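In terms of my numbering, the sequence shown has 1198 at position 15, counting the first letter as 1, and numbering is strictly consecutive.
Let me begin by presenting the structure, written as structure tokens, before commenting on it.
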Amino acid sequence: MKIVLPTAGKGTRLRPHTHTKAKSLVHVAGKTVLEHIVSRLASLDADEYIFINDDENGPQVMAFMAEKFPQLNCWATVQQERLGPAHAVSLAAPRINKGDDVLVVFNDTIFVTDLDRIPQLCADCDGLIYSKEVEDYQRFGVNVVDDQGLIVDMVEKPDTPVSRLAQVGLYYLKDGRGFMDFLEKTIQAGETVKGEYYLPAVFMNMIRAGLKLKAPTIDAWLDCGKPETLLETNRYLLRDRHHVHGEATDTVLIEPVHIEKGAVVRNAILGPNVSVAAGSVITESIVRDSIINADSEVRAMILDGSIIGDSARLVGSARRMNIGDHSLVEMT
């Protein structure tokens, strides 16, 4: 198996955190998004991990992989032109040989599903377009399936509930070389949306040619593309994962909290749903529902629903007040 990971893109929805790092290297629940994803792929024992990077953040991504996963066979190329996700995936073609199966994993989301079931799920079809049933189907591209579970159509942001099976950015193709050929044909045909090539057009061409694709559902679809959804993902991943590897003295911890080795917390109240990265120091503060990244300082602060980047310094101050009966003081 070859695993294709398109990691190009500026991550504009996550700014300012992506001004200095790739969006896949943003931290959530004690790990980078990329580490969460790759860890979930380990059981597949893939022959090669193929990264489609951009020229700005590509070196960061590959340096991270070399440090965290030195045992994996990785290859990288650069998407020089921003021509969409299907174009990005097509750049893996030189590494896909006859007989290879392919798993494509986009890095805006962390998935929760059992990938070891791929052979069983794909026994009577040619590929899997993983999906998640959602209520707000109008926001997504959805799969329309027949009574046998085969995809018969794909609709982008439907106005009516033709389907609630949103595509989650996780795709398996049994014939990887054939998939690359369909990508090339779609690009050569100029099938674009606003100047970019998207995978649904490729998949629909495959279906029209007689290939069978199914839409298995995943257990959880954890969006990491925006600050508010990153915090939601942090809450989900911290469930039943209360870990204190660093130093926490004279501190109240309200589970779940994840404090990495090398982080220091003193005279504070943390939690619930707080992750603190290595090298950070939190003192005399109250922090809840927040992510504190590496080598940052938080002192005399009250934080709620916050994301603090690397090497940041937040220092508050005590207030002196003389407040009479029946008063209301709100500081927001």
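Cβ coordinates follow ideal geometry from the N, Cα and C atoms, glycine included.
Model, not experiment: these values are computed from the prediction.
Here's the rule I'm using: 16 or more other beta-carbon atoms within 10 Å means buried, otherwise exposed. How should residue i be labelled?
i, result
"Gly1213", "buried"
"Pro1268", "buried"
"Thr1292", "buried"
"Trp1404", "buried"
"Thr1369", "buried"
"Leu1511", "exposed"
"Pro1383", "buried"
"Gln1321", "exposed"
"His1210", "buried"
"Lys1204", "buried"
"Val1385", "buried"
Within a Cβ cutoff of 7 Å, which residues of the same chain sit near residue i, ignoring the five residues on either side of it in sequence?
i, result
"Ser1489", "Ser1473"
"Lys1251", "Glu1218"
"Val1464", "Val1447 and Glu1480"
"Asp1329", "Val1335"
Quick one: residues in its chain with C-beta nearer than 8 Å to the C-beta of residue i, no 5 flanking neighbours on either side, listed in chain order?
i, result
"Asp1309", "Leu1356, Lys1357, Asp1358, Met1389, Leu1394, Lys1395 and Leu1396"
"Ser1500", "Ala1483"
"Val1272", "Val1187, Pro1189, Ile1235, Val1287, Leu1366 and Leu1382"
"Leu1333", "Cys1308, Lys1395, Leu1396 and Lys1397"
Kindly indicate the opening and closing residues of the alpha helix (DSSP H) around residue i.
i, result
"Asn1388", "Leu1382 to Arg1391"
"Leu1366", "Gly1359 to Gln1371"
"Pro1242", "Gly1241 to Lys1251"
"Val1219", "Sequence inspection shows His at residue 1219; the Val mentioned does not correspond to that position. Counting along the chain, the alpha helix (DSSP H) containing His1219 begins and ends at Val1216 to Leu1224."
"Pro1455", "Note, Pro1455: premise wrong, no alpha helix (DSSP H); not H, not E."
"Leu1304", "Ile1301 to Leu1304"
Excluding five sequence neighbours on each side, which residues of the same chain lie with their C-beta closer than 6 Å to the C-beta of residue i?
i, result
"Gly1462", "Gly1445, Ala1477 and Asp1478"
"Val1345", "Val1327 and Val1338"
"Ile1301", "Tyr1355"
"Met1363", "Ala1276 and Ile1279"
"Val1457", "Val1440, Val1470 and Ser1473"
"Met1248", "Cys1257"
"Tyr1232", "Ile1186, Leu1255 and Cys1257"
"Glu1374", "Ala1384"
Which residues mark the beginning and the end of the beta strand (DSSP E) in which residue i is found?
i, result
"Asn1417", "Note, Asn1417: premise wrong, no beta strand (DSSP E); alpha helix (DSSP H) at Pro1410 to Leu1421."
"Ala1403", "Ala1403 to Asp1406"
"Ser1273", "First-last for Ser1273: Pro1268 to Ser1273, but that is the alpha helix (DSSP H), not the beta strand (DSSP E)."
"Gln1350", "Leu1348 to Leu1356"
"Ala1212", "Taken as a continuous stretch (DSSP letters only), Ala1212 belongs to no beta strand (DSSP E), as it is neither H nor E."
"Tyr1320", "Unbroken run through Tyr1320: none, as it is neither H nor E."
"Asn1236", "Glu1231 to Asn1236"
"Phe1294", "Thr1292 to Val1295"
"Thr1432", "Glu1430 to Thr1432"
"Asp1336", "Ile1334 to Glu1339"
Does the separation of the CB atoms of residue i and residue j fall below 8 Å?
i, j, result
"Pro1189", "Ile1220", "no"
"Ile1442", "Val1288", "no"
"Ile1401", "Val1317", "no"
"Ala1191", "Gln1262", "yes"
"Ile1437", "Gly1454", "yes"
"Val1435", "Val1427", "no"
"Glu1513", "Arg1496", "no"
"Val1216", "Ser1207", "yes"
"Ala1349", "Val1325", "yes"
"Val1351", "Ser1314", "yes"
"Lys1281", "Arg1360", "yes"
"Pro1399", "Leu1486", "no"
"Arg1449", "Asp1433", "yes"
Step through the CB atoms of chain D and report whether any lies within less than 8 Å of the CB of residue i.
i, result
"Arg1503", "Chain labels in this structure do not include chain D; a single protein chain is all it has."
Under 8 Å by Cβ, that's how I've got residue i and residue j pegged, so tell me the actual separation to the nearest angstrom.
i, j, result
"Ser1226", "Leu1311", "Between Leu1311 and Ser1226 the Cβ distance is about 16 Å, and since that is not below 8 Å, they are no contact."
"Leu1266", "Tyr1380", "6 Å"
"Val1447", "Glu1430", "5 Å"
"Met1184", "Asp1238", "Actually they do not touch by this definition, with Cβ atoms about 28 Å apart."
"Leu1413", "Cys1407", "5 Å"
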